[in-house]
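Shown next, in structure tokens, is the structure this report addresses.
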Amino acid sequence: MTTFNPSTLQESRSLIRERSSVESPGCVLKWRQKQLLVLQSPQQTPPHLPPLTNEQWLIDCLNHSPIRLVRIDPGVGETGLRFWANACKRSGKMLYLRLPNTSRLPNRVSVSWGCKRLLDLSLASLMLLLLSPLMVAITVLIKLHTPGPIMFQQWRVGQRGKLFKVFKFRTMTVNAEREHHQVMAGQVSTNLHKREDDPRITSLGKWLRKYSLDELPQLFNVLRGEMSLVGPRPWAIYDAVRVRPDRLQRLNALPGITGAWQIESRSHLLDIDTVNDRDLEYLRNWSLTEDLKILLRTVPKVLSGFGAC
Numbered sequence: 032m033t034t035f036n037p038s039t040l041q042e043s044r045s046l047i048r049e050r051s052s053v054e055s056p057g058c059v060l061k062w063r064q065k066q067l068l069v070l071q072s073p074q075q076t077p078p079h080l081p082p083l084t085n086e087q088w089l090i091d092c093l094n095h096s097p098i099r100l101v102r103i104d105p106g107v108g109e110t111g112l113r114f115w116a117n118a119c120k121r122s123g124k125m126l127y128l129r130l131p132n133t134s135r136l137p138n139r140v141s142v143s144w145g146c147k148r149l150l151d152l153s154l155a156s157l158m159l160l161l162l163s164p165l166m167v168a169i170t171v172l173i174k175l176h177t178p179g180p181i182m183f184q185q186w187r188v189g190q191r192g193k194l195f196k197v198f199k200f201r202t203m204t205v206n207a208e209r210e211h212h213q214v215m216a217g218q219v220s221t222n223l224h225k226r227e228d229d230p231r232i233t234s235l236g237k238w239l240r241k242y243s244l245d246e247l248p249q250l251f252n253v254l255r256g257e258m259s260l261v262g263p264r265p266w267a268i269y270d271a272v273r274v275r276p277d278r279l280q281r282l283n284a285l286p287g288i289t290g291a292w293q294i295e296s297r298s299h300l301l302d303i304d305t306v307n308d309r310d311l312e313y314l315r316n317w318s319l320t321e322d323l324k325i326l327l328r329t330v331p332k333v334l335s336g337f338g339a340c
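32 is the number of the first residue of the sequence shown in the working numbering; add one for each residue after it.
Right under this line is the structure:
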């Protein structure tokens, strides 16, 4: 059987440094029942993986490993998480954030959650069918309005900390992700990375965002089981790494396209802790009836352009 030998990591240090382009923090590896744990690196703890810079090298290592999934410590940081996420995707390995358990959240009743999933599948399918002409029109408008891809994909944290790519219509310039931290440099450190005057948003993008039309492709995420119609906000990596340790359990939940925060505050409330607390309150008091109420309240909010950003 092919194994993933830690010694190969040490032997490849020179190779990694020679091909340096973008550095991510060093980390410590632990193997546990065909899972690879990637932990924040303390001093002098073997086997130690030096700062990674060569994605193809990591992909080759993962391809030759018997592990089925990778669990990574959020403390590895944004650059490290994105680096491992891209490598795991290309090597066919699932990647999860290493999170505390959900003992402080109520147990889910399987019948109710089964009904929630059935509702998601039914409504998402119906909405895609009814809104397909609108989505085709938006596709044409984006293509005519600005060069670049129609869709925007970004790593988000899903159920049990699993990283997945969220789908949206592109509303920003082509190189928006590269300019993200430069644009958000003046933001309050405890706030979500959102700006009403974000210079990367195109004129068409502002209109799409005002009525949440850019989020229509997330219906495909719902069909894939990565999201629900109603649930907590799906954190981007740059927001997830700033979540306080005592609130990390919130990242175990299945995220949604709409939710309590979106219909109550949206872009008017950006403090990460406050948004997390509202999501945790929703999870602790979850019911199928509450989800239906949120869905009904979402419609007028979307039509009015409430809290667009």
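Backbone N, C-alpha and C define an ideal beta-carbon position, used for all residues, glycine too.
If you drop the 5 nearest sequence neighbours on each side, which residues of the same chain put their C-beta closer than 6 Å to that of residue i?
i, result
"Val330", "none"
"Phe183", "Lys199, Arg201"
"Trp186", "Ala116, Leu194, Ile268"
"Thr233", "Thr177"
"Val306", "Trp292"
DSSP on residue i, reduced to helix/strand/coil?
i, result
"Asp302", "strand"
"Leu128", "strand"
"Ala155", "helix"
"Arg273", "coil"
"Trp266", "coil"
"Val205", "coil"
"Gln64", "coil"
"Ile232", "strand"
"Ile103", "strand"
"Trp186", "strand"
"Asn316", "coil"
"Leu160", "helix"
"Leu254", "helix"
"Leu172", "helix"
"Leu247", "coil"
Starting from residue i, trace the alpha helix (DSSP H) both ways and give me its first and last residue.
i, result
"Gly336", "Where Gly336 is concerned, there is no enclosing alpha helix (DSSP H), given that its DSSP letter is neither H nor E."
"Leu279", "First-last for Leu279: undefined, no H or E at that position."
"Gln213", "211–214"
"Lys120", "109–122"
"Pro98", "Pro is not the amino acid found at residue 98; the sequence shown has Ile there. Careful: Ile98 lies outside any alpha helix (DSSP H) and carries neither H nor E."
Which residues in the same chain as residue i place their Cβ atom closer than 7 Å to its Cβ, once the five residues preceding and following it in sequence are excluded?
i, result
"Leu172", "Leu235"
"Asp229", "Val214"
"Leu162", "Leu247"
"Leu319", "Ser143, Cys146, Lys147"
"Leu70", "Cys58, Val59, Lys61, Asp104"
"Arg275", "Asp304"
Starting from the C-beta of residue i, find all residues in its chain whose C-beta is less than 8 Å away, skip the five residues before and the five after it, and write them out in chain order.
i, result
"Ser45", "Since pLDDT at Ser45 reaches only 37, below the 50 mark, its modelled position is unreliable, and the value read off the structure follows with that caveat. Excluding positions up to five away in sequence, the list is empty."
"Gly179", "Arg201, Thr204, Val205"
"Ile169", "Phe200, Leu239, Leu244, Leu247"
"Gln66", "Ile98, Arg99, Leu100, Val101, Arg102"
"Asp310", "Pro263, Arg264, Arg281, Ala284, Gly290, Ala291, Trp292"
Is it buried or exposed for residue i, if we count other Cβ within 10 angstroms and need 16 for buried?
i, result
"Cys146", "exposed"
"Ser72", "buried"
"Gln280", "buried"
"Leu100", "exposed"
"Gly111", "buried"
"Glu321", "exposed"
"Asn252", "buried"
"Gly189", "buried"
"Glu109", "buried"
"Gln75", "Low per-residue confidence applies at Gln75: pLDDT is 48, beneath 50, and the placement is therefore not dependable enough to give any value."
In the DSSP assignment, find the unbroken beta strand (DSSP E) run with residue i in it and report its ends.
i, result
"Gly287", "287–289"
"Leu194", "194–200"
"Leu260", "259–261"
For the putative contact between residue i and residue j, defined by C-beta atoms under 8 Å, what is the C-beta separation to the nearest angstrom?
i, j, result
"Ile98", "Lys124", "7 Å"
"Ile303", "Arg273", "6 Å"
"Arg231", "Ala207", "4 Å"
"Ile294", "Lys332", "5 Å"
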